[in-house]
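Contents: one structure, followed by commentary.
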Amino acid sequence: MKYLIVGLGNIGAEYDATRHNIGFDVADSFVIKHGGTFQQDRLAFVANVKWKGKQFIVIKPTTYMNLSGKALKYWMDKEKVTIDHVLVIVDDLALPIEALRLRPGGSDAGHNGLRDIQATLGTNQYPRLRFGIGNNFPKGRQVDFVLGKWTSQEFPVIKEKILKSIDIIESFATQGMAQTMNTFNK
């Protein structure tokens, strides 16, 4: 059984450890845990890992956030992964920093990466793991906030949530969407 795990983010050292790149951070941590490494390939950095009889194709698109759909669609088609076996990991301003939410579909909530994926796939019904980054920023400073680095107070919470995200990915592949939502969406 194949799964495509898509960590959303922007390439470049200036985006490392920023709120907007949490999808990359989760993808990195998942691949490291399972002994894989990323290689640059078409439209993405790609890692293949196996765990409990499941194959995970993990990608970090190199198209920049706003064109993530192109990379997702290419790897979905190339690896013949069905949409219900895709999991997109995305930062979410609407959720508090403590929250993670697994969803089988939904709106783009103003997120340009999700908007592009939905336009490319022609549907908003694809699994996504929404990683809360909070919204503690002054009016008009959203871009600075999402592209900003985690604070020293936030970092311990983020490390714990990354580990929980790995558990969610593993459960998604072994237990399915409904059971994983029941277990983790609390």
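Reading the sequence shown from the start, the letters are residues 419 to 604 in our numbering.
Glycine residues also receive a C-beta, built at the ideal position from the N, C-alpha and C atoms.
Buried/exposed call for residue i, threshold 16 Cβ in 10 Å
i, result
"T598", "buried"
"L489", "Residue identity check: residue 489 is Ala in the sequence provided, not Leu. Counting Cβ neighbours within 10 Å, A489 comes out buried, since at least 16 surround it."
"F573", "exposed"
"G558", "exposed"
"K579", "buried"
"D502", "exposed"
"P556", "exposed"
"R460", "exposed"
"D562", "exposed"
"T436", "buried"
"A462", "buried"
"L505", "buried"
As assigned by DSSP and simplified to three states, the class of residue i
i, result
"R533", "helix"
"L426", "coil"
"F456", "coil"
"K605", "Because the chain here runs from 419 to 604, residue 605 falls outside it and cannot be looked at."
"G540", "coil"
"I475", "strand"
"Y482", "coil"
"K604", "coil"
"L605", "Within the shown structure, residues of the chain are numbered from 419 to 604, placing residue 605 beyond reach of any answer."
Boundaries (first-last residue) of the beta strand (DSSP E) holding residue i
i, result
"D526", "That residue, D526, is in no beta strand (DSSP E); it is neither H nor E in DSSP."
"N466", "462-469"
"L547", "546-550"
"L518", "518-521"
Presumed contact (8 Å Cβ cut-off) between residue i and residue j, rounded CB distance
i, j, result
"I515", "G566", "Actually they are not in contact, since the Cβ atoms of I515 and G566 sit about 13 Å apart, beyond 8 Å."
"V476", "F448", "6 Å"
"L547", "S583", "6 Å"
"N542", "Q536", "5 Å"
Opening and closing residue of the alpha helix (DSSP H) in which residue i lies
i, result
"D509", "Premise fails: D509 lies in the beta strand (DSSP E), 504-510, not in any alpha helix (DSSP H)."
"D446", "440-451"
Exercise. Note down, one range per segment and in chain order, each alpha helix (DSSP H) of at least 4 residues found wholly within the stretch 553-594.
Key: 560-564, 573-593
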